[in-house]
Amino acid sequence: MKLLLLMSAFCSLQAFAVDPFEDFHKYGELSEEEIHELHEGEFLYGDMEFGFIASSGNTKNSSFKIKGNVYQDFKHWRNQFKVDGHYADETDTETGIDDETASRYFLSAKTSYKFGVDNESFFVYGDYEADKFNGREYTATFVVGYGNRLFEGRKNTVDFHVGPGVAVYRVDDETELLPDEERVERGHLLRASLQWARNISKRTRFNQDFSYEESLSSLGSRGFSETALISQVIEGLSLKVSYTYRYNSAPEENKRKVDTELGVTFVYSFD
């Protein structure tokens, strides 16, 4: 029987704040927009999460995860950067053979120009994903569009972004192509995203992020969903339990359409 050890930790330099949790995650008292207003003009603020899982026995497994969500907020512009990485390997203790079982890295950047009233914005968005086990060497998208707030209440906010764009991906060299297929595919798409945040208490919040890309060039569609519950542990340190769902309607040969991930990590907020 395998022995599973779950260890989660994060290390970050904290600057110019005694307790970043008090302003960035004052869940029951500040809306998301008020949080951004507090940090207007600052170079960087946001949060990072880190998790590590190890097991031993007949096989030795290790899994590493890091994720970050960082902002820059100015009078008319707001920039957001995301990074998400997951790596896992497995070693047979009898043969000593090491087998990599997961290797996925995702980067995205979005710049928004704030205009009009409330939360209206014009945005430019781009992302890049490299997943060693989905049959594609990389997938990249570039989107321009419009964003606004659908709903804002005492405890709930719902934001959306929608716009057209382009997508490009390259099938890895190990995948055999049909006569009419190309190694690199390009096409147009329509992307929509929705973000729902609910303040459950002053120490706990619920987040639901959803995005969907529909190809206008017969390249299939992609969907992403992350459902998360985040609770403060001490000061700027929080515990996050999340469920991630990834969907690809046109996977490469012998690949599944759906990938899911259940995670328990620590999140550190900084500014």
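Numbering (mature numbering (1 follows the signal peptide of the UniProt record, and there is no 0)) for the sequence shown: -17 to -1, 1 to 254.
Beta carbons: idealized from backbone N, C-alpha and C, even for Gly.
Since the model is a prediction, treat every value here as computed from it, not as a measurement.
Query: Per-residue DSSP class, three states only, for residue 4; Result: The predicted position of residue 4 is uncertain, since its pLDDT is 34 and thus under 50; a value taken from the coordinates is nonetheless stated next. In this structure, residue 4 counts as helix in the three-state DSSP scheme.
Query: Proximity winner among 197, 178 and 153, relative to residue 190 (alpha-carbon distances); Result: 178
Query: Status (buried if at least 16 other CB within 10 Å, exposed otherwise) for residue 247; Result: exposed
Query: Cβ neighbour criterion (16 or more within 10 Å) applied to residue 136; Result: exposed
Query: Those residues which DSSP pairs with residue 119 across a bridge; Result: 114 and 154
Query: Delimiting residues of the beta strand (DSSP E) encompassing residue 161; Result: Counting along the chain, residue 161 falls outside any beta strand (DSSP E), and DSSP gives it neither H nor E.
Query: Close beta carbons around residue 91, own chain, < 6 Å, minus the five adjacent residues each side; Result: 65 and 110
Query: Whole-angstrom distance between residue 72 and residue 39, CA atom to CA atom; Result: 12 Å
Query: Nearest neighbour of residue 127, chosen from 117, 146 and 134 [CA to CA]; Result: 146
Query: Distance between residue 152 and residue 120 (C-alpha atoms, nearest Å); Result: 7 Å
Query: For residue 71: DSSP bridge partner residues; Result: 46 and 85
Query: Member of 205, 215 and 235 whose CA lies at the smallest distance from the CA of residue 229; Result: 205
Query: Where residue 106 falls: helix, strand or coil (DSSP); Result: strand
Query: Counted within 10 angstroms of its Cβ, other Cβ atoms place residue 104 as buried (16 or more) or exposed; Result: buried
Query: Candidates 226, 142 and 93: closest to residue 176 by CA position; Result: 142
Query: Neighbour-count burial assignment, residue 87, 16 or more Cβ in a 10 Å radius; Result: buried
Query: Spatial distance of residue 200 from residue 125 (CA atoms); Result: 15 Å
Query: Exposure label - residue 129; buried when at least 16 CB within 10 Å; Result: exposed
Query: Buried versus exposed, by CB contacts within 10 Å (16 or more), residue 253; Result: buried
Query: Buried/exposed call for residue 202, threshold 16 Cβ in 10 Å; Result: buried
Query: Touching by the beta-carbon criterion (3+ pairs, under 8 Å), the segment 210 to 222 and the segment 230 to 238; Result: no
Query: Backbone CA spacing between residue 227 and residue 209 [nearest angstrom]; Result: 4 Å
Query: Contacts around residue 192, its chain only, beta-carbon distance under 6 Å, and the 5 residues preceding and following it disregarded; Result: 178 and 209
Query: Straight-line gap, residue 81 to residue 44 (C-alpha atoms, nearest Å); Result: 10 Å
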